[in-house]
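Trainee:
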Amino acid sequence: MTATHDPEIPILIEDLTVAYREEPVLWDVDLNVPPGALMAIVGPNGAGKSTLIKAALDLVDKAAGRVLIFGKPYIEQRQQVAYVPQRGSVDWDFPTNALDVVTMGRYGRIGWVKRPGKSDREIALHALQQVGMEAFAQRQISQLSGGQQQRVFLARALAQQAQIYIMDEPFQGVDATTERAIITVLKDLQADGRTVVVVHHDLETVPDYFDHVLLLNVKAIASGRVSDVFTPDNLRATYGGRVDALMIGKGA
Amino acid sequence: MDIFTLILTDYTIRNVVLGALVLGIVSGTLSAFAVLRKQSLLGDTMSHAALPGVVIAFIVTGARAPLPLLIGAMIAGLLGTLLMGVITSQTRIKQDSAQGVILSVFFGFGLALLSWVIRQPGAEHAGLNKFLFGQAAATVESDVITMAVIGGIALVVIGLFWKEFKLISFDAQYAKTLGMPIGRLDILITTLIVIAVVVGLQMVGVVLMSAMIVAPGVAARQWTQRLGVMVVLASLFGAAAGVTGALISSAALNVPTGPVIVLCITAIVMVSLLFAPERGIVWDAFRQARNRRTLLERLKHEPKPGGAPLPKGAYKP
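First to last, the sequence lines map onto chains A and B.
All residue numbers for the first sequence refer to our numbering, where the first residue is 1 and numbers rise by one.
All residue numbers for the second sequence refer to our numbering, where the first residue is 253 and numbers rise by one.
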């Protein structure tokens, strides 16, 4: 076993390149997400943030490179990883309620043909409690607000009881209550030794919410502890000139 | 003799009712999934694409036995779906255009073959053209048994893979991260929709069978917020329309069954769109009117923030 197959490293990405057509969306990206990290992936629009996590989850094809989860290919480690997609990726006018959606997080462990049992319902209910949504368990999902839908998706991932949580823009267009609820859950997961990777778009909150960061713009500009790599120079390299007004005056 | 005695005793009517029942239940159940997966028009493509399969199976076997014809229909329907997948994945043509291309090419080829076969001498091909608009009165016992066995298999498969079909209908990408083989599940559910189409071909015909893969699901969605209830309702709506339409069609001679069944399911859809609680048009209009009244009432009584109360008649409904 080589050093790169270290079973202690939750996510190790090497030489990852993805191209939808001629132009690469991701170019030769390396990333090491250490155990217990709460990592933000930031970068301008079109930087490949969502593509990076989708490639890690085998949802898009890689042109080159590999992704190791605790030292093994993702396909052998699915049970360790829970995904929270963007809220807008599904049609919420589906005939089901919040508890049922959260119970879907158990489907990967139930196995073929079998139905979710009592213990699966209890785990799902507990996950809804963790995101402050237990009162909405029986609510039809199209009648939930955007923030509540986002929390249902987070609860579904919690019901997977995974070691690694990968989230695509969970704070996009949510209310303040939801943002607080999500960040509480993320910090709890981290305190529990889990690893969390979040595609994020609000540079201002990066130092408050996260301890690790990846600055991405097709290439990985920098990654590591927020205190080390979230610097004006790196931000400028990631965003071009546009970042000056946003961040640098704040001494980030 | 009243209608129930007739259904129990008359050979033709019994076959018609049982056949329409099977057809309605199977296509209704699958229509719920087709509608939720936004594949409403898939049934349209498949049923039209099935026609050349029916005719070729007849040419090959030289007989009008139900099973070979239905297998021919199934193969042609699946081939059409497969080609559609190839077109959308290998070219920049979008799903709707690909469906249009497959539907017209297969159906046109089927019609050409059919008119050639019908012009041939001999009596074996009599009734082959009932596959266009369907003919319930010609249903015999072996047809009903074939339909029930094929349809029954489809329903059992749905029961077995219930949670998988539910999840890929709601969030296929997430299902993939859980390790579900979404490509194979997609082929499986598409095959089941083809089966539902094929089960109804003899009675409803290729031209209008597509309605049975859309309408029951659309109507059922109006009445419930639970997938299980929606699927059961859709199969009941399908069965009700199937039986009513088939009975009317066999009672009034020379009326093809397909159009009558489609008119019945259309009536169910209209009632559902208008009157279903929560989602119906009438319900919605009523709720909006009530909201407007309560808001106007509150406006009259509550003072403007920091200002004097509104003068009477300032806001007219």
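Even glycine gets a Cβ: it sits at the ideal position worked out from N, Cα and C.
Using a Cβ-Cβ cut-off of 8 Å, state whether Q140(A) counts as contacting chain B.
Mentor: The residue you call residue 140(A) lines up with position 140 of the first sequence. At least one chain B Cβ lies under 8 Å of Q140(A).
Trainee: Buried or exposed: E416(B), going by 16 or more other Cβ atoms within 10 Å of its Cβ?
Mentor: Here residue 416(B) refers to the residue found at position 164 of the second sequence. Counting Cβ neighbours within 10 Å, E416(B) comes out buried, since at least 16 surround it.
Trainee: Run through DSSP, which three-state label would H377(B) get?
Mentor: Position 125 of the second sequence, counted from the first residue, corresponds to residue 377(B). Of the three classes helix, strand and coil, the one that applies to H377(B) here is coil, per DSSP.
Trainee: With respect to the alpha helix (DSSP H) encompassing P7(A), which residues constitute its N-terminal and C-terminal limits?
Mentor: Taking the first sequence and counting its residues from 1, one reaches residue 7(A) at position 7. Here P7(A) belongs to no alpha helix (DSSP H), and DSSP marks it neither H nor E.
Trainee: For T351(B), is the classification buried or exposed, using 16 other Cβ atoms within 10 angstroms of its Cβ as the cut-off for buried?
Mentor: Locating residue 351(B) in the second sequence gives position 99, counting from the first residue. Going by the sequence as given, residue 351(B) is Gln instead of Thr. Answer is buried; the Cβ neighbour count reaches 16.
Trainee: Is it the case that the Cβ atoms of L31(A) and A220(A) are separated by a distance below 8 Å?
Mentor: Within the first sequence, numbered from 1, the residue matching residue 31(A) stands at position 31. Within the first sequence, numbered from 1, the residue matching residue 220(A) stands at position 220. Going by C-beta atoms, L31(A) is nearer than 8 Å to A220(A).
Trainee: Roughly how many whole angstroms lie between the Cα atoms of L154(A) and L380(B)?
Mentor: Working through the first sequence from its first residue, we reach residue 154(A) at position 154. Working through the second sequence from its first residue, we reach residue 380(B) at position 128. Distance between the alpha carbons of L154(A) and L380(B): 56 Å.
Trainee: Rounded to whole angstroms, what is the Cα-Cα separation between T398(B) and A537(B)?
Mentor: Residue mapping note: residue 398(B) aligns to position 146 of the second sequence, counting from 1. Residue mapping note: residue 537(B) aligns to position 285 of the second sequence, counting from 1. Approximately 47 Å between the Cα atoms of the pair.
Trainee: Do the stretch 225–235 of chain A and the stretch 361–377 of chain B meet, that is, are 3 or more Cβ pairs less than 8 Å apart?
Mentor: No: fewer than three Cβ pairs fall under 8 Å.
Trainee: Under 8 Å, Cβ to Cβ, is there at least one residue of chain A near D423(B)?
Mentor: For this step, residue 423(B) is matched to residue 171 along the second sequence. At least one chain A Cβ lies under 8 Å of D423(B).
Trainee: Is it true that the stretch 164–172 of chain A meets the stretch 82–102 of chain A, where meeting means three or more beta-carbon pairs spaced less than 8 Å apart?
Mentor: yes
Trainee: In this structure, does DSSP put V174(A) in helix, strand or coil?
Mentor: For this step, residue 174(A) is matched to residue 174 along the first sequence. Of the three classes helix, strand and coil, the one that applies to V174(A) here is coil, per DSSP.
Trainee: Strictly below 8 Å CB to CB, what residues from chain B border P95(A)?
Mentor: Sequence index remark: in the first sequence, residue 95(A) carries index 95 (1-based). Under the 8 Å cutoff, chain B gives L288, R473, T476, Q477, R478, L479, V481 and M482.
Trainee: Answer yes or no: does any C-beta atom of chain B fall closer than 8 Å to that of M104(A)?
Mentor: Working through the first sequence from its first residue, we reach residue 104(A) at position 104. Chain B, which has a Cβ nearer than 8 Å to the Cβ of M104(A), makes this yes.
Trainee: Quick one: does S89(A) have its CB under 8 Å from some CB of chain B?
Mentor: For this step, residue 89(A) is matched to residue 89 along the first sequence. For S89(A), the answer is yes, since a Cβ of chain B falls inside 8 Å of its Cβ.
Trainee: May I ask which residues mark the beginning and end of the alpha helix (DSSP H) holding P24(A)?
Mentor: Numbered from its first residue, the first sequence carries residue 24(A) at position 24. First-last for P24(A): P24 to V33, but that is the beta strand (DSSP E), not the alpha helix (DSSP H).
Trainee: So if I threshold CB-CB distances at 9 Å, which residues from the stretch 31–56 of chain A count as touching chain B?
Mentor: K54
Trainee: What are the start and end residues of each continuous alpha helix (DSSP H) run of 4 or more residues lying completely inside the stretch 198–233 of chain A, in chain order?
Mentor: 206–209 and 226–229
Trainee: Indicate the three-state DSSP secondary structure (helix, strand or coil) for P529(B) in the structure shown.
Mentor: Taking the first residue of the second sequence as position 1, residue 529(B) is located at position 277. For P529(B), the three-state secondary structure derived from DSSP is coil.
Trainee: From Q477(B), P320(B), T476(B) and D438(B), pick the residue whose C-alpha is nearest to that of G337(B); which is it?
Mentor: Here the question's residue 337(B) lines up with position 85 in the second sequence. Selected option, being the one with the closest Cα: D438(B).
Trainee: Please decide whether V199(A) counts as near chain B, where near means a Cβ-Cβ distance under 8 Å.
Mentor: As a working mapping, residue 199(A) is identified with position 199 in the first sequence. It does not; no Cβ of chain B falls within 8 Å.
Trainee: Kindly list, in the order they appear in chain B, the residues whose Cβ is closer than 8 Å to that of Y107(A).
Mentor: What you label residue 107(A) is simply residue 107 of the first sequence in a count that begins at 1. Correct list: K415, E416, L419, A427, L430 and M432.
Trainee: Assuming contact is defined by CB atoms lying nearer than 8 Å, are K62(A) and T17(A) in contact in what I supplied?
Mentor: Here residue 62(A) corresponds to residue number 62 of the first sequence, with the count starting at 1. Here residue 17(A) corresponds to residue number 17 of the first sequence, with the count starting at 1. Yes, these two residues count as a Cβ contact at 8 Å.
Trainee: Report all residues from its chain with a CB closer than 6 Å to the CB of A424(B); omit the five preceding and five following residues, and keep chain order.
Mentor: By 1-based counting over the second sequence, the position of residue 424(B) is 172. The answer, listed in chain order, is I434.
Trainee: Using a C-beta to C-beta distance shorter than 7 Å, which residues of chain A count as neighbours of L412(B)?
Mentor: Indexing the second sequence from 1 puts residue 412(B) at position 160. Near L412(B) (Cβ distances below 7 Å), the residues of chain A are V113.
Trainee: Grab me the residues of T313(B)'s own chain with a C-beta within less than 6 Å of its C-beta, minus the 5 sequence neighbours each way, in chain order.
Mentor: Along the second sequence, read from residue 1 onward, the residue named residue 313(B) stands at position 61. Around T313(B): P320.
Trainee: When burial is assigned at 16 or more other CB atoms within 10 Å of the CB, is K382(B) buried or exposed?
Mentor: Numbered from its first residue, the second sequence carries residue 382(B) at position 130. So K382(B) counts as buried.
Trainee: Helix, strand or coil for G457(B), going by three-state DSSP, please let me know.
Mentor: Taking the first residue of the second sequence as 1, we reach residue 457(B) at position 205. Correct three-state label for G457(B): coil.
Trainee: Kindly list, in the order they appear in chain B, the residues whose Cβ is closer than 8 Å to that of R78(A).
Mentor: As a working mapping, residue 78(A) is identified with position 78 in the first sequence. Going along chain B in sequence order, the residues near R78(A) (Cβ under 8 Å) are T429, L430 and G431.
Trainee: Quick one: residues in its chain with C-beta nearer than 7 Å to the C-beta of P116(A), no 5 flanking neighbours on either side, listed in chain order?
Mentor: Looking up residue 116(A) in the first sequence gives position 116. Within the same chain, P116(A) has close Cβ partners T103, R106 and I110.
Trainee: Which chain B residues are close to Y20(A), counting only those with a beta carbon under 9 Å from its beta carbon?
Mentor: The residue labelled residue 20(A) in the question sits at position 20 within the first sequence. Correct list: empty, because the minimum Cβ distance to chain B is about 13 Å.
Trainee: Could you check whether the stretch 266–278 of chain B touches the stretch 287–307 of chain B, counting it as contact only if at least three pairs of C-beta atoms, one from each stretch, sit closer than 8 Å?
Mentor: Per the Cβ contact rule, the stretch 266–278 of chain B is not in contact with the stretch 287–307 of chain B (fewer than 3 Cβ pairs under 8 Å).
Trainee: Taking only runs of the beta strand (DSSP E) that begin and end inside the stretch 277–337 of chain B, which ones reach a length of at least 3 residues, in chain order?
Mentor: none
Trainee: Which value, in whole angstroms, describes the spacing of the CA atoms of A427(B) and L68(A)?
Mentor: The residue labelled residue 427(B) in the question sits at position 175 within the second sequence. The residue labelled residue 68(A) in the question sits at position 68 within the first sequence. The alpha-carbon atoms of A427(B) and L68(A) are separated by roughly 21 Å.
Trainee: Do you know whose CA, among N97(A), R21(A), P10(A) and E22(A), lies nearest P73(A)'s CA?
Mentor: For the purposes of this step, residue 73(A) is taken as residue 73 along the first sequence, with counting starting at 1. Minimum Cα distance to P73(A) is reached at P10(A).
Trainee: Do the CB positions of G494(B) and L322(B) come within less than 8 Å of each other?
Mentor: Counted from its first residue, the second sequence places residue 494(B) at position 242. Counted from its first residue, the second sequence places residue 322(B) at position 70. Against a cut-off of 8 Å, the Cβ pair of L322(B) and G494(B) comes out as no contact.
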